[in-house]
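A.B. asks: In the working numbering, each residue's number is its place in the sequence shown (first place is 1) plus 569.
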Amino acid sequence: MTLLAATDTGSSAGPLLVFALVLAIGYAVACLIWPFRGCRRCEGTGRMLSPTGRAWRLCTHCSGTGAKLRLGRRIYNHLTRTHGRGHGTRKPR
Ligand SMILES: [Zn+2]
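1) State the beta-bridge partners of Leu638 as determined by DSSP.
2) Helix, strand or coil: which one does DSSP assign to Arg610?
3) Give me the pocket residues for ligand 2, defined as CB within less than 6 Å of any heavy atom, sorted by chain position.
4) Counting only the same chain and skipping the five closest in sequence on each side, list residues whose C-beta sits under 8 Å from that of Cys631.
5) Hey, is Ser619's beta-carbon within less than 9 Å of any beta-carbon in chain B?
6) Which residue marks the beginning of the beta strand (DSSP E) containing Arg626, and which one marks its end?
7) Exposed or buried, Gly635, counting other C-beta atoms within 10 Å across all chains shown (16 or more means buried)?
So this is what it looks like as structure tokens:
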């Protein structure tokens, strides 16, 4: 009976790994479809209000767009640019 319990705990890592993989793939697909998230500093408005509330300026965090690239999309862009740089800068001798 104890042997059976030991095999049960060993096999429980499989479904957890599959669940993590499904989450990662879902996040990657979401980053492809929705690459931007709202800026947290200006709450997606692109404006920063003065303490009086009567004057405003553009948000410096998002340059007034109100949108920021999501972390997964930023990693994807970095990887594709790194890959492209390796092929693009090579010159024939
Ligand atoms: Zn902002």
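Quick reminder that beta carbons are idealized off the backbone N, C-alpha and C, glycines included.
C.D. replies: Reading from the atomic positions:
1) Phe605
2) coil
3) In terms of ligand content, the structure shown lacks ligand 2 and carries ligand 1 instead.
4) Cys608, Arg610, Cys611, Gly615, Lys637
5) The chain inventory of the structure shown lacks chain B, comprising one protein chain alone.
6) 625–627
7) buried
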